[in-house]
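Trainee: Have a look at this one before I ask anything.
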Amino acid sequence: MFNIFFFYLLEFALKLSGRKSLGAGRVEVYIEGAWGTIHQNNWGIEEARVVCRQLNFSDAEAALYRASAVWNLPRPFYSEAPQWLRNVNCTGKELSITHCNYQIRSMPNYGLDAGVICKVNEQRKGEREGEILSDSSR
442 MFNIFFFYLL
452 EFALKLSGRK
462 SLGAGRVEVY
472 IEGAWGTIHQ
482 NNWGIEEARV
492 VCRQLNFSDA
502 EAALYRASAV
512 WNLPRPFYSE
522 APQWLRNVNC
532 TGKELSITHC
542 NYQIRSMPNY
552 GLDAGVICKV
562 NEQRKGEREG
572 EILSDSSR
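Numbering (my numbering), first residue to last: 442 to 579.
Now the structure itself:
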């Protein structure tokens, strides 16, 4: 049995991983010393907009389901990358995903991960492609 906790965290690190283009990838969060994914339940464009803006992109182009499969990523095992967040629900106007409603739930990862494709700002176009981290990254 897994415990479910409903509360807001002060802040946690956020990153995109998996795809080799700037602003696209599986969304991962850093909680309790480990990177994990976000379950795709309720995942939509509002949640993607918050993630993209938190990572200093102008907006989101798309919210993706089964992000591990979209980019043919190896599905992380529970001990390596649990699914930390479920039922993320944003209005799209929040400054951080921590300001949205969500459940923290450490559970095995079955590949039903949330992903995003962000709009790349003009000033970011020259950045190195690959993993994108939020300022509070670990």
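Even glycine gets a Cβ: it sits at the ideal position worked out from N, Cα and C.
The structure presented is a predicted model; accordingly, all values stated were derived computationally and were not measured.
Please state the DSSP three-state secondary structure of Val470.
Mentor: Looking at Val470 - three-state DSSP - the assignment turns out to be strand.
Trainee: Please state whether DSSP places Cys559 in a helix, a strand or coil.
Mentor: Reduced to three states, the DSSP call for Cys559 is strand.
Trainee: Can you tell me where the beta strand (DSSP E) with Gln481 in it begins and where it stops?
Mentor: Counting along the chain, Gln481 falls outside any beta strand (DSSP E), and DSSP gives it neither H nor E.
Trainee: Pull up the CB-CB distance for Ala501 and Ile558, whole angstroms please, since I reckon it's below 8 Å.
Mentor: Confirmed, Cβ separation roughly 7 Å.
Trainee: Quick check on the DSSP output: the beta strand (DSSP E) that includes Tyr543 runs from which residue to which?
Mentor: Asn542 to Met548 is the span of the beta strand (DSSP E), which, as asked, contains Tyr543.
Trainee: Count the other CB atoms, across all protein chains shown, that sit within 10 Å of the CB of Ala503; report buried if there are 16 or more and exposed otherwise.
Mentor: Result: exposed.
Trainee: Kindly indicate which three-state DSSP category Arg507 falls into: helix, strand or coil?
Mentor: Three-state result, Arg507: coil.
Trainee: Quick check on Leu463: buried or exposed, where buried means 16 or more other Cβ atoms within 10 Å of its Cβ?
Mentor: Classification for Leu463: buried.
Trainee: Rounded to the nearest angstrom, what separates Val470 and Asn562 at their Cα positions?
Mentor: In a straight line, the C-alpha of Val470 is about 23 Å away from that of Asn562.
Trainee: Between which two residues does the beta strand (DSSP E) containing Lys534 stretch?
Mentor: Premise fails: Lys534 is in no beta strand (DSSP E) and is neither H nor E.
Trainee: Roughly how many angstroms separate the alpha carbons of Leu505 and Cys531, rounded to a whole number?
Mentor: Near 15 Å, if we compare the C-alpha coordinates of Cys531 and Leu505.
Trainee: Roughly how many angstroms separate the alpha carbons of Ser577 and Glu487, rounded to a whole number?
Mentor: At Ser577 the pLDDT is 49, less than 50, meaning the model places this residue with poor confidence; the figure from the coordinates comes in the next sentence. Spanning the two alpha carbons is a distance of roughly 22 Å.
Trainee: Let me confirm a value: Lys534 is counted as buried when at least 16 other C-beta atoms fall within 10 Å, else exposed. Which label applies?
Mentor: So Lys534 counts as exposed.
Trainee: Buried or exposed: Gly474, going by 16 or more other Cβ atoms within 10 Å of its Cβ?
Mentor: Classification for Gly474: exposed.
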